[in-house]
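For the sequence shown, the numbering used here puts the final residue at 478, and the numbers step up evenly by one. All C-beta atoms in this analysis are idealised placements derived from N, C-alpha and C, irrespective of residue type, glycine included. Here the structure is a predicted model, which means the values were calculated and not measured. Report on one structure; see the data block that follows.
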Amino acid sequence: MPKLIFIYLAATFLFLSDIKSQTENRSLSLSTEHFNTAVNARNGDFIVLAKDSFYLYNTAREKSWLAFKYKKNELDTALKQPIELNFIHNSKQVLFYAGGGGQIYAFRDSSILRLDKSFLQKNQFGACGFEYKDKILLYGGYGFYSYKPYFTEFSERTKEWFLRPYANHQYLPEGRQAVVYQIDKKKDFFFMASGYTLKNPFFKNVSNLELNDVWKFDLQLNKWTRLGYIDEKKKIRNLRFPFIANGIFYAIEKGPDNAVVKIDIINNSFKIYKTDHLVDQILVEFGTVYNPKDQHIITVIKDTRKANTYTVVLIPLKELEHSLIFSAKYYRTLFDRLIPLFLIILVLGCFIYFNAQFRKRKRLKPDSNKTIHFNQDDQSLSYEGNIISFEEEHLIFLNFLVEKGGEVSNNELLDFIRRGQESTDTLKKRKLKLITDINQIFRICTGLREPFLLELKDDNDRRYKDYLINPIYEVKV
Numbered sequence: 002m003p004k005l006i007f008i009y010l011a012a013t014f015l016f017l018s019d020i021k022s023q024t025e026n027r028s029l030s031l032s033t034e035h036f037n038t039a040v041n042a043r044n045g046d047f048i049v050l051a052k053d054s055f056y057l058y059n060t061a062r063e064k065s066w067l068a069f070k071y072k073k074n075e076l077d078t079a080l081k082q083p084i085e086l087n088f089i090h091n092s093k094q095v096l097f098y099a100g101g102g103g104q105i106y107a108f109r110d111s112s113i114l115r116l117d118k119s120f121l122q123k124n125q126f127g128a129c130g131f132e133y134k135d136k137i138l139l140y141g142g143y144g145f146y147s148y149k150p151y152f153t154e155f156s157e158r159t160k161e162w163f164l165r166p167y168a169n170h171q172y173l174p175e176g177r178q179a180v181v182y183q184i185d186k187k188k189d190f191f192f193m194a195s196g197y198t199l200k201n202p203f204f205k206n207v208s209n210l211e212l213n214d215v216w217k218f219d220l221q222l223n224k225w226t227r228l229g230y231i232d233e234k235k236k237i238r239n240l241r242f243p244f245i246a247n248g249i250f251y252a253i254e255k256g257p258d259n260a261v262v263k264i265d266i267i268n269n270s271f272k273i274y275k276t277d278h279l280v281d282q283i284l285v286e287f288g289t290v291y292n293p294k295d296q297h298i299i300t301v302i303k304d305t306r307k308a309n310t311y312t313v314v315l316i317p318l319k320e321l322e323h324s325l326i327f328s329a330k331y332y333r334t335l336f337d338r339l340i341p342l343f344l345i346i347l348v349l350g351c352f353i354y355f356n357a358q359f360r361k362r363k364r365l366k367p368d369s370n371k372t373i374h375f376n377q378d379d380q381s382l383s384y385e386g387n388i389i390s391f392e393e394e395h396l397i398f399l400n401f402l403v404e405k406g407g408e409v410s411n412n413e414l415l416d417f418i419r420r421g422q423e424s425t426d427t428l429k430k431r432k433l434k435l436i437t438d439i440n441q442i443f444r445i446c447t448g449l450r451e452p453f454l455l456e457l458k459d460d461n462d463r464r465y466k467d468y469l470i471n472p473i474y475e476v477k478v
């Protein structure tokens, strides 16, 4: 009996020392690089999946990481952990898909189980994987010398992948990888922005083109809608550590800024936070995962004290959002892009309107330099001391007009010039000739452009007219 107990204890010690786990400060040190990190969104477990064993940690239960043997491990040995196994964020299950698409795995009941009957497709590297209404979808990605502009969906019935059909007659975004994305599961929308595509056909030039457009995809109608464009300042050129927290896209940017970027496409928000954590030490290939239960992220850094040692660390999300250094709209809509044009049109319209009003006031305002003197004694009009050579008929009418306060109606004018039984047409012709002759003689004798007499029509009834002395001229009797 003591011999059996000794063998059991020795085997347990060898199992634990094979991976050399360390549990101080909620961190886990591993002497292997072949593992993936994950989160169980339902119970809040942090998960590390290594080749022969897995580790669990829950901030609400455990004080340290716990090591377990798999009951079953169906992971394809051809897959290289961690770079060829991608975790699906915000899923009801703990799900992984093979890089490039094809194989699907679930971690449950202490086992890694394969769910598909597919193969390593190698067609959608860098795709955006997500769960929608218990369906697994991949958007975009790169494979076979092209970037993909479509969704693929995993069928629970056939255990195979198929192309999700688009609605007819619509403009599609360019195929791309490494996108910024969000899912609005209540309204059934997939939001996507940024990413990379080929600048030229592959056989001509393999350089990438950074995209700046923003799109919304209706998951019910299978239809795309372009929302706008990203400014140069809000592009993320080192989008290596994306994760979804509380439905919002985060990315940790490596480099001297040591910053965390928070992008909310739905609410058109872009924020950058300065953080004290050394996020530039995070290793690319292991990714970053958010735990909604305790609001921490799990990620991996290289242990600088020990060779070939990797440390799994937990970081509170609120500590990453330590100091806001930049906040703005994430993208400009079509309306935003037209605002400068609207402002130009508005300014131009205001200029034209106020200029017209100014000219009108100036025209209607009596000018001391445009004073017409009317001598009633000898029935004459003069301008700047020069007599205006009106005929007797003109002077009689002008005297009548002055006595009426400078304005008469059409009927008053017709009655004044009437001579016996004249037809209406005859009166109209004589009236027109009288007004025209007076204005012509006035222009010739004074050199002024504006007419002396004006005809005003009623806006409500164009048949009613008034005749008056132009207000820009001051008539002194």
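Length of the line joining the Cα atoms of residue i and residue j
i: L347; j: K235; result: 29 angstroms
i: R419; j: L428; result: 7 angstroms
i: I253; j: A79; result: 30 angstroms
i: S383; j: I442; result: 12 angstroms
i: K275; j: P293; result: 22 angstroms
i: I480; j: D416; result: Nothing can be reported for residue 480: it is not among the residues displayed for the chain, which extend from 2 to 478.
i: S369; j: K430; result: Its pLDDT being 49, under 50, S369 is placed unreliably by the model, and the measurement read from it follows with that caveat. The straight-line gap from Cα to Cα measures roughly 34 angstroms.
i: K188; j: A194; result: 18 angstroms
i: L139; j: D265; result: 20 angstroms
i: G386; j: G350; result: 43 angstroms
i: V261; j: S324; result: 10 angstroms
i: A42; j: F131; result: 14 angstroms
i: A308; j: E34; result: 12 angstroms
i: T159; j: S119; result: 10 angstroms
i: S111; j: Q178; result: 33 angstroms
i: Y331; j: I340; result: 17 angstroms
i: E211; j: Y167; result: 25 angstroms
i: I137; j: F191; result: 13 angstroms
i: Y354; j: D214; result: 39 angstroms
i: L399; j: Q422; result: 24 angstroms
i: K93; j: Q282; result: 30 angstroms
i: F401; j: T425; result: 21 angstroms
i: E320; j: N169; result: 46 angstroms
Presumed contact (8 angstroms Cβ cut-off) between residue i and residue j, rounded CB distance
i: F69; j: V49; result: Contact doesn't hold; Cβ gap of about 10 angstroms is too wide.
i: L31; j: Y311; result: 5 angstroms
i: V478; j: Q358; result: Going by Cβ atoms, the distance from V478 to Q358 rounds to 31 angstroms, so no, they are not a contact pair.
i: D117; j: F155; result: 7 angstroms
i: L335; j: G229; result: 6 angstroms
i: S410; j: D467; result: 6 angstroms
i: Y182; j: A246; result: Between A246 and Y182 the Cβ distance is about 13 angstroms, and since that is not below 8 angstroms, they are no contact.
Residue i - DSSP class collapsed to helix/strand/coil
i: E392; result: coil
i: P174; result: coil
i: K93; result: coil
i: D232; result: coil
i: N41; result: coil
i: I470; result: strand
i: V478; result: coil
i: Q441; result: helix
i: I266; result: coil
i: V398; result: It is worth fixing the name first, because residue 398 is Phe in this sequence and not Val. Helix at F398.
i: L415; result: helix
i: T425; result: helix
i: I273; result: strand
i: I1; result: Outside the modelled stretch of the chain, which goes from 2 to 478, sits residue 1, for which no answer is possible.
i: E404; result: helix
i: L435; result: helix
i: R115; result: strand
i: R27; result: helix
Cβ contact (3+ pairs, closer than 8 angstroms) linking the segment 292-299 and the segment 187-202: The segment 292-299, when compared against the segment 187-202, does not touch it at the 8 angstroms Cβ threshold.
Meets three-Cβ-pair contact criterion under 8 angstroms: the segment 213-221 and the segment 305-325: no
Cβ contact check for the segment 121-134 and the segment 92-102: 3 or more pairs under 8 angstroms: yes
Minimum length 3: unbroken beta strand (DSSP E) runs contained in the segment 137-223: 152-155, 162-164, 181-185, 190-194, 197-199, 209-211 and 214-219
In chain order, each alpha helix (DSSP H) run of at least 4 residues that lies wholly inside the segment 275-361: 318-321
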